[in-house]
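Heads up: the sequence lines are chains B and G, in that order. Under my numbering, the first residue of the first sequence carries the number 89, and numbering increases by one thereafter. Under my numbering, the first residue of the second sequence carries the number 85, and numbering increases by one thereafter. Heads up, the beta-carbon is just placed ideally off N, CA and C, and yes, glycines get one too. Here the structure comes first, spelled out in structure tokens, and everything after it is commentary.
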Amino acid sequence: MLIETRQLAKEYRVGDHLVHALRGVSLGIQAGEFVTIVGPSGSGKSTFMHILGCLDRPTSGQYLMNGRDVSTLPVDELARVRNGMLGFVFQGFNLLARTSAVENVELPLLYTSTGVVEASERRRRALAALEAVGLTDRAEHHPNQLSGGQQQRVAIARALVTQPSVLLADEPTGNLDTATSHEVMQIFQQLRAERGLTIVVITHERDIAAYGSRTIDFRDGQVVSDVHHDQTLAAASPR
Amino acid sequence: MIRRWLRHPLVNLALKALVRNRLQTGLTLLGMTIGVATVLTMMAVGAGAQQSIEQQVRAAGLNQLTVRAGNWKPKADDSGEAVAHGDARETLTLPVPDLMPPVPDAAFDAMPADNPEGLSGSVRPSRFHPEDDPMEKHDHPLARQRLGDLEAGLGSAATLSFADAQAIAELPGVQYVAGGLHENARVYAGSKRWFTRMHGTDVGMPSIKRGWTISRGRFFTRREQDDAAQVIVIGQIVADKLFGEGQDAVGQTLTLWNQPFTIVGVMTSATWVVQPAPGDDQFDAVYMPFTTTHRLLNLSKLNDITITAESSGAVTELARAITTLLRQRHGIGDNQPDDFTVLTQATRALTTGGLPPSVARAVAGNVAELEKVTLEQLSITLERASRTMTWLLAAVAAVSLIVGGIGIMNITLLSVTERTREIGLRMAVGARPSDVMRQFLVEAVAISLAGGLAGIIVGIAAALIVSRTLQWATVIAPGSVLLAFGVAGAVGIFFGWYPARRAAQLDPIVALRRE
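Here it is in structure tokens:
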């Protein structure tokens, strides 16, 4: 089991109210799965994603990654895990403005566990990641010279550049039109097929969720359904 | 450590970020530049003031002493007789002149009668008239009496030699030494004539007299002094009287003691404080090499030796050293009085400053103590005051440095706020809080150091402009430049710390959601 959560709970305070964002979520995700998470806003899916992404810690419960409890790791160790194990793709792309695509992709290589990767090696790996998303010819373009779909592909390349085992995407198609959304989802599928990446995507669009091999439905901080539909969209089987 | 930082891409990133916000960076840089430049300029002005105070102390002659031949003072009573009072410091310590022991004392009377130099200052009748044998060297007070100087004979025992002057020059703490002879003289040029003071002096005199400046021509040279050439430098008043105001006297000939002298230079006051005036003995005077005077008047001694000390605080000490040296050189026994008088500026002010003679004499007895107060204390006080002023100026300037630092804090905070999402992203892809902190600290320090460099350039330029336009002395010490640069870096770290820490403590989730 690559990812396992045990009775994950998260509470936080908004003014006088205690918000229960997660109420005991226990899940396991195998390596190579393509999980889509759906649910209305406030259902706790983003909180779940943040905990999976080591950006947040659960109030109670355990989060095991490769059998190691990462929920109690110190801040700097969490940063290491994010850098080496996880790749993030956001709804708003979050590319640095006035910075070329290849430099954006290089960014995680400044913070690796072995320190800063040497400049030439950074560039080589960033170009390789851009090639994987089909943007080699846009390497020197700045974000404002790229379409939304291209920007999201740059962001995916950035998530890939440290060769993580898990890709986490929070509404990656939220800012894209339908055609581009499907393009992006196809890239995810392709990456899963070629590299055996584990992919977790949050979405509220059913047709996007259908790209996953498994769909988890969140409501009020709990999992209400967990459906494997590998047979329907298993264009490529995981290694 | 520093080198690793410089090669670090985070430094590169910080610099890029600064270039991206050109306007804000520029304005902050300007604030820092002004701060550093102000500090540097103020320190330069302060140090300049300190230096010019020291120079003025020197120009005022506080570091000057004069050794005069003879040891004679006018007597307090109205008899008109001159009396010797020997070593004033030992005999005249009480402020009640009427109770003074009678002088001359036994020690003086015990002096060997066959010592012509020791006795020549006395008003006792000379055993021979100096003009009996015109070929003889006659260093005699009456030589001056003959020339019509009423003061002559009171203190002009000719006991000082050029060799004495050379020996004094060897003493530690001595800056310049010049021997001199002084006479009154009639000078003629064409049909004009003028009665003035004539000084036989040393080529080194212009270095001692900081109040002098050569307005036309030059001072006489060492070679002319060695050759006892008949060259002369005339004071402004003499030039005006003989040749008319505004006329160039250089190259003209002047007659003195029936000898032709070539005028090589005209000398006037270097400062508006002292204006040349008839009878002032400085600018109403003519100057020739003392060797020339020696040759013309058939003399071999000096009337006085003027000495400047390297530091004005050491004058009293130097006066003592000179006394010891000259007593030794002149072979004066322990209980014999000096045959010379060492005068410092304070002694001179006291003895010529219009004090009643009785009081002056009493004070003169304590002059060694008094000098300590007037000279050393004065110069020390002045130095202390100017140092205080320097620090005061620097402190005022430091305020502008703090303002510059607040500017840096402001832009770094702005940068943190503006780039909250970027910080969130960097954290998401693996940046640790310390990485984020370092990035913003580097930004702040980069601005402050760049501002520091610019400030040093502007500060030096400003100091130069101040000294050109306002005629204020400024001194830019290498130390203060280094200090300014170091302080700039420190300001960057100090004022960058808080914003950088704020950035490092951001919650990545909150940061990523920020618009």
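- For F279 of chain G, DSSP records a beta bridge to G:R270.
- C-alpha of W556 of chain G to C-alpha of A131 of chain G: approximately 11 Å in a straight line.
- Taken atom to atom, the span from the alpha-carbon of D258 of chain B to that of G172 of chain B is near 19 Å.
- Distances from the alpha-carbon of Y151 of chain B to those of B:S134, B:G116 and B:F122 put B:G116 closest.
- Our two residues, L477 of chain G and V520 of chain G, have alpha carbons roughly 38 Å apart in a direct line.
- Taking 7 Å as the cut-off between beta carbons, none of the residues of the segment 288 to 308 of chain B comes near chain G.
- DSSP places D388 of chain G in the uninterrupted beta strand (DSSP E) bounded by D388 to A393.
- If you draw a straight line from the Cα of G328 of chain G to the Cα of G349 of chain G, it is about 15 Å long.
- By the neighbour-count criterion, in which a residue is buried when 16 or more other Cβ atoms sit within 10 angstroms of its Cβ, I464 of chain G is exposed.
- Within the segment 290 to 316 of chain G, the complete alpha helix (DSSP H) runs of at least 4 residues fall at 306 to 310.
- The beta carbons of L285 of chain B and S253 of chain B sit about 7 Å from each other, so the pair counts as a contact at 8 Å.
- In the three-state DSSP reduction, Q238 of chain B falls in the helix class (H, G or I).
- In the structure shown, G335 of chain G adopts coil according to DSSP, grouped into three states.
- Under a criterion of Cβ atoms nearer than 7 Å, the residues of chain B adjacent to P592 of chain G are, in order, L143.
- Counting only residues of its own chain and dropping the five nearest sequence neighbours on each side, T125 of chain G has a CB closer than 6 Å to the CB of G543, A546 and A547.
- Near chain G, meaning a CB-to-CB distance below 8 Å, the residues of the segment 155 to 170 of chain B are V163, D164, A167, R168 and R170.
- Not a single CB atom of chain G sits nearer than 9 Å to the CB of H317 of chain B.
- For the C-beta of Y199 of chain B, the chain G residues within less than 8 Å are, from N- to C-terminus, R510, V513, G514, A515, R516 and D519.
- Per DSSP, reduced to three states, the secondary structure at Q95 of chain B is strand.
- For A297 of chain B, the enclosing alpha helix (DSSP H) stretches over residues R294 to A297.
- Residues G236 and G237 of the same chain have their beta carbon placed closer than 7 Å to that of T268 of chain B, with the five preceding and five following residues left out of the count.
- Per DSSP, the beta-bridge partners of L427 of chain G are G:T150.
- For the pair E599 of chain G and G300 of chain B, the Cα-to-Cα distance works out to about 30 Å.
- At a C-beta separation below 7 Å, E506 of chain G has these neighbours in chain B: L184.
- Nearest to I296 of chain B by C-alpha distance, out of B:L184, B:L106, B:T202 and B:T124, is B:T124.
- Using a Cβ-Cβ cut-off of 7 Å, R104 of chain G is close to R186 of chain B, given in chain order.
- The residues G175, F176, V177 and L255, in chain order, have a CB closer than 6 Å to that of A247 of chain B in the same chain once the five nearest residues on each side in sequence are set aside.
- In chain order, L509, R510 and V513 make up the part of chain G whose C-beta sits under 8 Å from the C-beta of L195 of chain B.
- Counting only unbroken stretches of 4 or more residues, the alpha helix (DSSP H) elements lying wholly within the segment 492 to 570 of chain G are 504 to 512 and 517 to 553, in sequence order.
- If you look at L218 of chain B, you'll find it in the alpha helix (DSSP H) that goes A207 to A220.
- In chain order, G488 and G491 place their CB closer than 6 Å to the CB of G115 of chain G, counting only its own chain and leaving out the 5 sequence neighbours on each side.
- In its own chain, leaving out the 5 sequence neighbours on each side, no residue places its CB closer than 7 Å to the CB of G563 of chain G.
- Only K100 and R104 from the segment 98 to 122 of chain G bring a Cβ to less than 9 Å from some Cβ of chain B.
- The DSSP-derived three-state label of Y371 of chain G is strand.
- For L498 of chain G, the closest Cβ of chain B is not nearer than 9 Å.
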